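Residue numbers (the working numbering), protein chains in the order written: chain A, 796 to 1207; chain B, 796 to 1207; chain C, 796 to 1207; chain D, 796 to 1207.
Ideal Cβ placement from N, Cα and C applies to all residues, glycine included.
Please read all numbers here as calculations on a predicted model, not as lab measurements.
Protein chains: 4
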Amino acid sequence: MKVGVWFIGALGDVATTTVLGARALARGLSGPTGLVTARDLFRDLDLVDAADLVFGGHDVREGNPAETALDLADKGVVPHRLAVDAGLRDDLCAYGERVRPGVAFGATRLVRRFESEASRERDRLTPAGALAALRADLRAFRKDNALDRVVVVAVASTEPRPELAPDALGTGQRVRALIAEAGPDGRAKGVEVPASLVYALAAFDEGCAYVNFTPSLGASPAGMHELALAAGVPHMGNDGKTGQTLVRTALAPMFRERNLNVLSWSGFNILGNRDGAVLDEPAANAAKTTGKDRVLGAILGPQLGTSLTRIDYVPSLEDWKTAWDFIHFEGFLGTRMHLELTWRGADSALAAPLVLDLVRCVELAMRRGRAGLQPGLAAFFKNPLGTDEQSFPAQERMLEEWVAGMSAGRQA
Amino acid sequence: MKVGVWFIGALGDVATTTVLGARALARGLSGPTGLVTARDLFRDLDLVDAADLVFGGHDVREGNPAETALDLADKGVVPHRLAVDAGLRDDLCAYGERVRPGVAFGATRLVRRFESEASRERDRLTPAGALAALRADLRAFRKDNALDRVVVVAVASTEPRPELAPDALGTGQRVRALIAEAGPDGRAKGVEVPASLVYALAAFDEGCAYVNFTPSLGASPAGMHELALAAGVPHMGNDGKTGQTLVRTALAPMFRERNLNVLSWSGFNILGNRDGAVLDEPAANAAKTTGKDRVLGAILGPQLGTSLTRIDYVPSLEDWKTAWDFIHFEGFLGTRMHLELTWRGADSALAAPLVLDLVRCVELAMRRGRAGLQPGLAAFFKNPLGTDEQSFPAQERMLEEWVAGMSAGRQA
Amino acid sequence: MKVGVWFIGALGDVATTTVLGARALARGLSGPTGLVTARDLFRDLDLVDAADLVFGGHDVREGNPAETALDLADKGVVPHRLAVDAGLRDDLCAYGERVRPGVAFGATRLVRRFESEASRERDRLTPAGALAALRADLRAFRKDNALDRVVVVAVASTEPRPELAPDALGTGQRVRALIAEAGPDGRAKGVEVPASLVYALAAFDEGCAYVNFTPSLGASPAGMHELALAAGVPHMGNDGKTGQTLVRTALAPMFRERNLNVLSWSGFNILGNRDGAVLDEPAANAAKTTGKDRVLGAILGPQLGTSLTRIDYVPSLEDWKTAWDFIHFEGFLGTRMHLELTWRGADSALAAPLVLDLVRCVELAMRRGRAGLQPGLAAFFKNPLGTDEQSFPAQERMLEEWVAGMSAGRQA
Amino acid sequence: MKVGVWFIGALGDVATTTVLGARALARGLSGPTGLVTARDLFRDLDLVDAADLVFGGHDVREGNPAETALDLADKGVVPHRLAVDAGLRDDLCAYGERVRPGVAFGATRLVRRFESEASRERDRLTPAGALAALRADLRAFRKDNALDRVVVVAVASTEPRPELAPDALGTGQRVRALIAEAGPDGRAKGVEVPASLVYALAAFDEGCAYVNFTPSLGASPAGMHELALAAGVPHMGNDGKTGQTLVRTALAPMFRERNLNVLSWSGFNILGNRDGAVLDEPAANAAKTTGKDRVLGAILGPQLGTSLTRIDYVPSLEDWKTAWDFIHFEGFLGTRMHLELTWRGADSALAAPLVLDLVRCVELAMRRGRAGLQPGLAAFFKNPLGTDEQSFPAQERMLEEWVAGMSAGRQA
């Protein structure tokens, strides 16, 4: 079995860390810490091995993944011994050669500023033209590497949300129409067609599974769900739950179950990597914080007073997302107390194993013929599609049921 | 229906806050925030109302609960408007008159230093003599107040653990033999018979349910479980899960489920109330921290490196338990990250609603004829008896099942 | 000796806490904790006693200071025993009767929303008309209470900064011209004349000393310095240094003196009182954060990478300003480390003693004939006028010199 | 000019980081961040250059500094690029060859467990015999490297404090008598003569300056001060002020100057390097925490309620000392507030530049003929000898005066 993993944002830190980690696992240079699918729970599922994955992808920048790995090692995100390992450097260079120019429709100014010439050229295509070009890349990847299946994973920087009417993408037909309509300026119905939508459609049209690890639009519209089902491919999103939101969704149920009122939950995130720089633009920031804020209300309902989430760009922090939460709560007889959290984690090191987990799970779903959304994988996402469940413990039970369903599928 | 609640440690902050709160609820002066049994989950159970509870208890000190309530208001633990309410002050004074002298066998030096003359006199009895005296108090309480059922709740200061062979209290017979053997110095088999054991036995012998909200011995020995079953009464313990341990048991499963290794989990607690002062004595401190430390290993197993828990007495903090946890964990490829927590809560305001919850649940179990341990109530305890489950989300599911069992009991 | 203290923002929490505290001191009900001028350093200065102060003021709202004090007690800002003391309640009521309607030129929408009818009426005056009305109030206060001297203290909510050319208020003449020009809409040169300027001018024109405890314009323009000298009165500002900035200016010199580079200093403030609500309006927020941010650069110079300060309104926190600072710094060989601070203080309880300190110091300066700015009092302010010194230890030395100068003045 | 630096504890992390850093500076591979003596203040002093330093030392373990440097790089204490630099590795190897076996009289069990055979052999000498051996090493170092002056710097693990009568070492004669008395078991007057005393005496007897960067006894007794003066050499100690205590002494004066009462200051330190492991032994722990606790009382006097300092060994933290301080303070009218600090710093990276600073300063003092204690260098120490001043801002002024005195010395 050979499975392709195609990254949107292939030269970023998350993709690079994922490839480095998968290859380190395959070469026996590192262990499975942080991989959810390495837990006993998954033991009886025939998930694809890291060694059977082939990586490629699109990116709007140029870059050398082996150099990026060294840089990540200097920043303490990955160990030096892996970044300087000759075999892994070869693997990363080979990966870099499988990266193709992307498109930046609807992206932030920062993303466009660092775009490569090859990507700028693709941007001059209409979205429909871009769709064709992206599909051709996917076909070539599959063919050149003799892949059984391909999973497309979006790990590009956050896109601003396009201002479209709620049902503008409500059917597959409308999605296709919007893309067809847009001219060489990339615009239709007054908005720029977001690249993430085009990438997701390319995946479906080529029979690839799709995972949206970002808060960008991707395959979240109802019309895209229809198209995934029609294509017979599984997909899931949005926005990997790596740090502060993970902790929030583990803790908020505790307050609910103890019947404590959360008067206010205030959270501040600071980070300094490219993702952080992109979030310095208000539209991208709004796309990101909206999702983070929603989870608390979903869990606590009327037990939540106010919530606040801010993300700020502080360059010196690089990949080390640092988050402070101040939870002001009210107990018996109205007594007011608080809980304070500070999280300090390397975003890419947190994201990479989850990306591998999702690839393994979605690939299995595809192999088992389970098309469409996979809400059983909600635990991996800040804004899981197809479910309103935000409690991490409840999502863990959903995951256990998903695994049970897949085990059953195997026996059948 | 009239239900008695008999506190061991009746003049302490937890008992006082509980009585104040129950009466405030009964008088419609405060709401049910913090009461787990006020959640929808419990709606269909015919739990006893706060208004139907009558409070009394034992204490080794003298004191005036109405004055204690004012003091708690000055310290920000309960609202001033309740502490100065004339009706509630009357209720607290009436409660104070139902408090009887206790015994201090095996207690810390600090507890003994503040003992009342009446209690010192009881200490001169043999444990068997004390048992008879305590039982007489319980009988009088039940009779004088025409109570249907009585729940005894231990909320006294932490006792040092007696150094007994593991099976010295392994059967009911051995428990009774130990108490019978002890002379007027309170000692048998080289140890002082701990008062908490005598109190628990008095409860069982008088057909009362028993809840151990402290880490003291109480009804935890196997012999006591046998005696509770023989007496046909339910009981549960140990040590109310109010603050830092609650948060730990909500968060630790998250690390387990994300397959992250916790390299070290270090926790420091500082507090300044009488409980804290008692914990300034090493033997009591050990009795307390041992339990707190155990929960992490139970949840994380081999994913836990080291853990450390300290409790220190800092007088100025009064009832405001302040706890810092530093969780050092390892993710993908060995990258090391951390999560830091600071909890600041009023211990008595956190404990009081849980005490009421346990009274209501255990009373119902007694009414339904469910004798013996109630592991379904594990979520309320740091060291739940009758189960190894320490994960708060898992304990919540146990609680849901317990409720379902009780609902079924009703229909039967 | 009788000294008048006239508050701009007389019904706010800071003024109320100050009056309550001064009267509690005068009545021997509380001690001098938090009063800088109670330190030994000031022992030989003949500063005015709290008992010799008479309080009055302007406010744009209506309110009852005795009720506000009860409210502050419920929020834990002042002790209940003081808020319910009969003598102090009388003092607060008498104070309330000396409060006169203010003006709200240039204020935020929120301030205007809660304006009293009497204040709205004054807003209909031209700024020149308002100046006359405010002056008349000051004259009446002085005469009615037979005051030797009056200190005007601005403690009103933050005003947005008017967009004026830098030198538009560069001379006394230009200040007077701007006010004279403005019509009944309160506008001149395209801006609304800010009320804080008119209040400050009223103080000078009535021979009162003036302290600006807020970040509003007040007497900061050069033209106002000229007018204060002409009037022969001392003044100082801006913006009382009560919490996070105090800690920052105590700590930043440590990094400088250890030659450690501060890569980034990120600070988040959350608070829920009226000040916080006003800061929810972007223009007021900018007026506030600009000052807070500046201090770090002033101390650290090129040793500072980036700095960030945010203030957010979180209603449940009320007067309890909660601030988190994350200081990311670089040591020897480029090793990156951090220091994290969480400050949780009651803003009014922090501000009130400093207000009394400033009244006492400025009154003495006035008595000694020291007109104009008092940079020796820089330690009390976030943005001290007349000096660039922001280091708290250095400001402490300036204060010691100021005291020495005043002592010398006494002997002379 | 060639200056020797002789480390006691030469193979530990602090010594290794210091040598690596000095050589990196000499080779132009790193900058002076963190070096106090690189500040402008010191510009006009003719301090010795890093390039003119030659390093050697004693250690009771064996080890390879170049390997230690790689290990420190893996732990994030020093940058990888320096640890793998060929020139620096050569420098570290050459340094390793200048390290001689030490003695472990009075050391903790842990230190003894890892002792080399060569050191164990020296331990069999009497203290007087050891003194002669250590002196011979110093003489050889000076001669072999043609050094103008030598500074001995103690950076070994903390020794338990010997239980000696206060004046047992009150004169130089008594110091010499104690050492002369002790037999091959290393004991005299019922205590083991501490190695740190013997090392310090060896320094003085060989005309070397001496810096005690540890809390061990070293040259702190009055008798040693006498001997230093007799030998005409400068010395200073004790215990480098690198982290939590530095922050405490910068912040405590702020509370004093604002007349705020510190009700309690509670501090917890966790660390995992060899220093931490040594502190796991109670006697060493007491030697360390006693000093840390004293500073707050010295600054705050009666404004301090209680203080508490704990240091715990948490292996996973390695060199990254993590410290939490909870400062509970009382402001105006008795309102209680708090400030919380978390410090996370690499101990060796914090200590190394201060070691270089002290070498440079003490060498200059020696060159200028300033024998005896140097209290002007108090800012570098947790327990500065020769002064009671603990306030960091006040110590900074003492340092400025010391520099001025040395500048004057130059002109003379």
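- In chain C, no part has a C-beta under 9 Å from the C-beta of A:W1138; the shortest such distance is about 12 Å.
- Ranked by how close their Cα comes to the Cα of A:L920, the residues A:V879, A:P896, A:R838, A:G981 have A:G981 in first place.
- One finds P1048, E1052, P1188 in chain B with Cβ atoms closer than 8 Å to the Cβ of A:E1191, taken in chain order.
- Contact note: A:S825 reaches chain B through F1127, L1128, G1129, using a C-beta cutoff of 9 Å and chain order.
- Assigned with DSSP and collapsed to three states, B:K1116 falls in strand.
- 8 Å or more divides the Cβ of B:A1004 from the Cβ of B:V1090.
- At the C-beta level, C:L1149 and C:F1175 come within 8 Å of one another.
- Not flagged as an interface residue toward chain C: A:L1066, since no C-beta distance is shorter than 8 Å.
- Taking C-beta atoms under 8 Å as the contact rule, D:F909 and D:R856 qualify, at a distance of about 5 Å.
- Listed along chain A are L1046, M1049, L1134, each with a C-beta nearer than 9 Å to that of B:V1042.
- Chain B has no Cβ within less than 8 Å of the Cβ of A:P1097.
- For B:L1172, there are no C-beta contacts with chain A under 7 Å, since the nearest C-beta of that chain is about 13 Å from it.
- At a beta-carbon threshold of 8 Å, the residues of chain C lying near B:H875 are A868, D869, H875, ordered along the chain.
- Here A:V945 carries a strand assignment [DSSP, helix/strand/coil].
- In this structure, the CA atom of D:N1033 is about 18 Å from the CA atom of C:R1053.
- Secondary structure of A:L1041 (DSSP, three-state): helix.
- For B:A1147 against B:G816, the beta-carbon gap comes to about 5 Å, under 8 Å, which counts as contact.
- In this structure, A:L1112 places its C-beta atom within 8 Å of the C-beta atom of A:G1067.
- Shortest Cα-Cα distance from B:V1073 to any of B:S1011, B:F1063, B:H1133 involves B:S1011.
- Contact annotation for B:G816 against chain A: F1127, L1128 [CB-CB distance below 9 Å, chain order].
- Sixteen is the threshold: when 16 or more other Cβ atoms of the shown chains lie within 10 Å of the Cβ of D:A990, as they do, the residue is buried.
- If only complete runs of 3 or more residues are kept, the region 912-984 of chain D shows the beta strand (DSSP E) at 944-949, in order along the chain.
- Per DSSP, the unbroken alpha helix (DSSP H) holding A:L1022 starts and ends at 1017-1026.
- Excluding the 5 residues flanking it on each side, C:L1145 has same chain C-beta neighbours closer than 7 Å at T1037, G1038, in chain order.
- Among the CB atoms of chain D, one or more fall inside 8 Å of the CB of C:G829.
- In the three-state reduction of the DSSP assignment, C:N859 falls in the coil class, being assigned neither a helical nor a strand state.
- By the neighbour-count definition (other C-beta atoms within 10 Å, threshold 16), B:K1116 is a buried residue.
- C-alpha of A:P961 to C-alpha of A:A1078: approximately 18 Å in a straight line.
- If you look at A:L1099, you'll find it in the beta strand (DSSP E) that goes 1099-1108.
- Of the candidates A:G807, A:A845, A:L830, A:D841, the residue whose Cα lies closest to the Cα of A:M1201 is A:D841.
- At a cut-off of 8 Å, the C-beta of A:P1110 has no neighbouring C-beta in chain B.
- A:V1154 carries a helical assignment under DSSP once its states are collapsed to helix, strand and coil.
- Straight across, the Cα-Cα distance linking D:V1028 with C:G829 is about 46 Å.
- B:F999: member of the alpha helix (DSSP H) spanning 990-1000, first to last residue.
- Within the model, the alpha-carbon separation for D:H1133 versus C:G826 is close to 20 Å.
- For C:D854, the three-state secondary structure derived from DSSP is strand.
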